[in-house]
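In the working numbering, the protein residues as written are 1 to 194.
Data block below; observations after.
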């Protein structure tokens, strides 16, 4: 019995091409959570993820939802302006906000693509201990306050507040990764979003 001849199938070159994702930060946590999020969302695609030092155009420690969102948006927009050859640009900005005399922490994620589509998401929020909140209210950045309270060094490039406060149950990469995937919804379900 003869096997049918194989058709000469050309691979879809666009589907095979590695896509470049530029993160508006060189923080290794933000770069890694972006890579993980894109791989989980688009398992069949291949991505090269690079971080750039990009200005957020907001305070070093954004206070409130609006300023934090604006920082993430500016990081994505400025990454696009700095490296327009990429396929996606992403901004991740952590912020804090007062809530009933307590301080909450969270982050915004903004993703842009070549076609002008924008995806946005916000992480879950959590209450910071009073000792950290007091330091931030006094003008300290969350990462610095974490380092002081937990006697660490450069914790924002490691587990961050969420990792230290949950004894490593949730690390900062994992915390941001879910928000990256949520910000990718308009690209995953692209027929429903214009």
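Glycine included, every Cβ here is placed at the ideal spot set by N, Cα and C.
Owing to the predicted nature of the structure, the values given are computational and were not obtained by experimental measurement.
Pair within 8 angstroms by beta-carbon distance, residue i and residue j
i	j	result
residue 66	residue 22	no
residue 103	residue 133	yes
residue 113	residue 187	yes
residue 197	residue 57	This structure does not reach residue 197, given that the chain is present from 1 up to 194, and the question cannot be answered.
residue 179	residue 107	yes
residue 61	residue 31	no
residue 161	residue 135	no
residue 29	residue 172	yes
residue 76	residue 24	yes
residue 142	residue 71	no
residue 181	residue 86	no
residue 164	residue 150	yes
Alpha carbon of residue i to alpha carbon of residue j, nearest angstrom
i	j	result
residue 91	residue 78	9 angstroms
residue 110	residue 130	29 angstroms
residue 4	residue 16	A caution first: residue 4 carries a pLDDT of 38, below 50, which makes its placement in the model too unreliable to give a value.
residue 144	residue 137	12 angstroms
residue 11	residue 44	With a pLDDT of 47 at residue 11, under the threshold of 50, the modelled position of this residue cannot be trusted; read the value that follows with caution. Each residue's alpha carbon lies about 14 angstroms from the other.
residue 33	residue 177	5 angstroms
residue 118	residue 191	14 angstroms
residue 189	residue 35	19 angstroms
residue 158	residue 147	11 angstroms
residue 123	residue 175	7 angstroms
residue 168	residue 121	23 angstroms
residue 125	residue 185	20 angstroms
residue 88	residue 27	17 angstroms
residue 19	residue 38	10 angstroms
residue 170	residue 193	31 angstroms
residue 55	residue 68	13 angstroms
residue 84	residue 53	15 angstroms
residue 116	residue 59	26 angstroms
residue 99	residue 166	20 angstroms
According to DSSP, residues forming a beta bridge with residue i
i	result
residue 119	111
residue 210	There is simply no residue 210 to check, as the chain begins at 1 and stops at 194 in what is shown.
residue 126	105
Element boundaries [beta strand (DSSP E), containing residue i]
i	result
residue 90	88-99
N- and C-terminal bounds of the alpha helix (DSSP H) containing residue i
i	result
residue 186	185-188
residue 148	142-150
(message) Threshold first: 4 residues or longer. Then list the alpha helix (DSSP H) segments lying entirely within the stretch 14-73, N to C.
(response) Listed in chain order, the complete alpha helix (DSSP H) runs (minimum 4 residues) inside the stretch 14-73 are 28-41.
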